[in-house]
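Each protein sequence line maps, in turn, to chains A and B.
Under this note's numbering, the first sequence has 65 at position 65, and the numbering climbs by one with no breaks.
For this note's numbering, add 563 to where a residue sits in the second sequence, where the first one is 1.
Backbone N, C-alpha and C define an ideal beta-carbon position, used for all residues, glycine too.
Written out below as structure tokens is the structure these notes cover.
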Amino acid sequence: MTDLVPPGAALYLGALLIPLLPRKLRPVWMLVLPVVGFLQLLSIDHGQFLQFSLFQYQLTPVRIDALSLVFGYIFSLAAFIMVVYSLHVRDVVQQVASMVYAGTAIGAVFAGDLITLFVYWELTAISSVFLIWASKSKRSYRSGMRYLIIQVGSGVLLMAGAILWAWNTGTIEFGHLGTATLAGKLIFLAFGIKCAFPLLHNWLQDAYPEATVTGTVFLSAFTTKLAVYALARGYAGTESLIWIGATMTAFLSFYAVIENDLRRVLAYSLNTQLGFMVVGIGIGTEMALNGTAAHAFTSVLYKALLFMSMGAVLYRTGTIKGSELGGLYKSMPYTTIFCIVGAASISGFPFFSGFISKSLIITAAADGHWILTWFVLLFASAGVFHHSGIRIPFFAFFAHDSGIRCKEAPWNMLLAMGATAFACVFIGIFPGPLYRIMPFEVDYQPYTTTHVVTQFQLLLFSALAFSVLMRTGLYPKETPSTNVDTDWIYRKMFPTAIHAFARTAGRARAAFDEAFFDRFDKFVSRVYRHYGPAGVFARTWATGSSVIWVLVLLVLFLVLYYS
Amino acid sequence: MEKMKPNEKKYWLDDPRNVTKVYYGVWVICGIAALADLFYDKHVHFFWEEWFNFYGFYGFVGCVFLVLVAKQLRKLVMRPEDYYD
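Right, dumping it as structure tokens:
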């Protein structure tokens, strides 16, 4: 029975009923949908379902295996928590969009062929943009437009790659693809855009912080982790991913340190976490892929928790700029605690979730003797503690007292944050259940004396560095600002270039007009002067004078003829 | 949203002396974490991990590097808030 409906369908089909329900029932219905979806995943068997043939190709809309189930579970869990967080939202567009978005993301991780994947890929893009537009500002409209163009563009690349792949291999099954063929490269690029590879990353920092308070929380979970899943499925063991991932972990840390919009700081740090997962895929061993899956699982939770806490701050104070905040621990003590739990988890403190997932990837890098990568990952671990672990809670809730006094977050937000914080700690202390659902058997013990002590050293001395830099005034101040990133290319350079081109072309046109058309016009008007209605040749003359002129001409003709 | 009232309750962290205490507290905890290295057998992948407090030094230097480079990056990328508007 459960295999007759694709996973995720409960959410995206159920979402279509939301507008038809009475207002008060809608939140209840939205809480039911992810639960139904989750129960379906618990009862479904491994295998391929609902297969049918389209022309000569075999479509597999549903494929259930261990790797897809990890992502299915966490997406369902995240959707439920996020619905709780957004129970106060009355905007039906956001309600429908968020459920369709979560549902199609779940559908995508169970897609067994590239065509089904493409359909879900584009549906996640289209549904999620409404969460950005729901902010209803000119800024969010434009940002959403850029987001949509890039996301749909990624889908177009995927489609092109899929067609080429089918042409070359005769199958559209979504298995290992590799980068050896052009088709493989195109699909790699499509996944890379959605996974926010270096220099393709900026749609994320551009769009996510422009979404609504609850929209950003939804966005943080699905799109990029779907891309991680797709890469793990199609490109495990592709060495270039190690370098790409390592770059992702490190280079945006610098932006995260100087960004003033705290939700944007989190968007930058989201990239660094994706980098860890991408490195795991690149290494491609069982341990590394377990690490990627486990880290995707834990990062959905702690990232959501951090975005929820910053969302609560934005909801209550109306701002999320580091330069305007501070001292909020007095007004929002619970939110502060939950934020710190999220911060400890992303930093990988022992007994918090990040510790037991990130270390799988770092250990896999050490096992494979990827020494440079290992150093970069260690640097990124210290860095992420710095910009997300300390900076976020510090500038929002502590630092100098901004004088803002507000109410604590609403009960539904606190409940969602509390549950997520509990999950982060539970997974951190008892990693067993999470390890059991990994795609491969986990043979790893995170809690050894060496690991715990060295991790504490790494993090505590990072905290010391922060304290010393703050104390000595070397730390860059929170300043109202925009930091230009790769989006500068299409938000400033292209428009400026186009305007410059338009101006130059306009001038050239004017010069051409002057040189050619003006002379032509003068010629025409001269002709007109003689032949126009008022011209000398158009004058009406008296019959008598005409007869005289005809006579003169005839005489002249005779004279010339006979002379 | 309300503003701060003039004679509201004082919190422990409002006193700068306590902030100083926290600051030195961080030093003390770091000292303990570093010294812990002397009391157990390390099981490591690479030889440099066995050096005394390697992770601590690496974390400290890494973070200082991160912040100082980011500060220089500001000169290159920082624009007014309404730059794109």
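Extract the residue ranges of the alpha helix (DSSP H) inside the region 569-616 of chain B, only unbroken runs of 4 or more that lie entirely within it.
579-598
Using a threshold of 8 Å, state whether the C-beta atoms of A:Thr-223 and A:Lys-194 are closer than that.
yes
Chain-ordered chain A contacts of B:Phe-623 [CB-CB under 8 Å]:
Phe-461, Ser-462, Leu-464, Ala-465
Helix, strand or coil at A:Phe-517 [DSSP, three-state]
helix
Under 6 Å Cβ to Cβ from A:Tyr-562, same chain only, skipping five residues before and after it: list those, please.
none
Output the residue ranges of the alpha helix (DSSP H) runs that lie fully inside the region 18-92 of chain A and measure 4 residues or longer, sorted by chain position.
25-43, 66-85
With 16 other CB atoms within 10 Å as the buried threshold, where does A:His-400 fall?
exposed
Minimum C-alpha distance to B:Gly-594 - residue among B:Asn-570, B:Thr-583, B:Phe-623, B:Val-607
B:Phe-623
Rounded C-alpha distance that separates A:Phe-461 from A:Ala-180
44 Å
CB A:Phe-254 to CB A:Gly-326, shorter than 8 Å?
no
Cβ of A:Leu-469 within 8 Å of any chain B Cβ:
yes
Minimum length 4: unbroken alpha helix (DSSP H) runs contained in the region 158-236 of chain A:
182-194, 202-207, 213-221, 223-235
Residue burial classification, B:Pro-579 (beta-carbon count within 10 angstroms, cutoff 16):
exposed
Of all Cβ atoms in chain B, is any one closer than 8 Å to the Cβ of A:Ile-187?
no
If you measure from the beta carbon of B:Leu-636 to each beta carbon in chain A, is any gap under 8 Å?
yes
How should A:Ile-548 be labelled, buried or exposed, when 16 other C-beta atoms within 10 angstroms of its C-beta is the threshold for buried?
exposed
Environment of A:Glu-441 [buried if 16+ CB atoms lie within 10 Å]:
exposed
Give me the subset of the region 376-388 of chain A whose CB atoms are less than 7 Å from a CB atom of chain B, sorted by chain position.
Leu-378, Phe-379, Ala-382, Gly-383, His-386
Within 10 angstroms of the Cβ of A:Trp-374, are there 16 or more other Cβ atoms? Answer buried if so, exposed if not.
buried
Chain-ordered chain B contacts of A:Gln-457 [CB-CB under 9 Å]
Cys-593, Ala-596, Ala-597, Ala-599, Asp-600, Asn-616, Phe-617, Tyr-618, Gly-619, Phe-620, Tyr-621, Gly-622
Candidates A:Ile-150, A:Tyr-268, A:Asn-290: which alpha carbon is nearest A:Gly-280's?
A:Asn-290
By alpha-carbon positions, which one of B:Val-627, B:Val-640, B:Met-641, B:Asn-616 ends up nearest to A:Thr-450?
B:Asn-616
State buried or exposed for A:Val-217, treating a residue as buried only when at least 16 other CB atoms are found within 10 Å of its CB.
buried
A:Ala-246 versus A:Val-278 - alpha carbon distance:
8 Å
Could you run through the region 251-267 of chain A and flag, in chain order, every residue whose CB is less than 7 Å away from some CB of chain B?
Ser-253, Phe-254, Val-257, Ile-258
Alpha-carbon to alpha-carbon, A:Arg-519 and A:Val-559
41 Å
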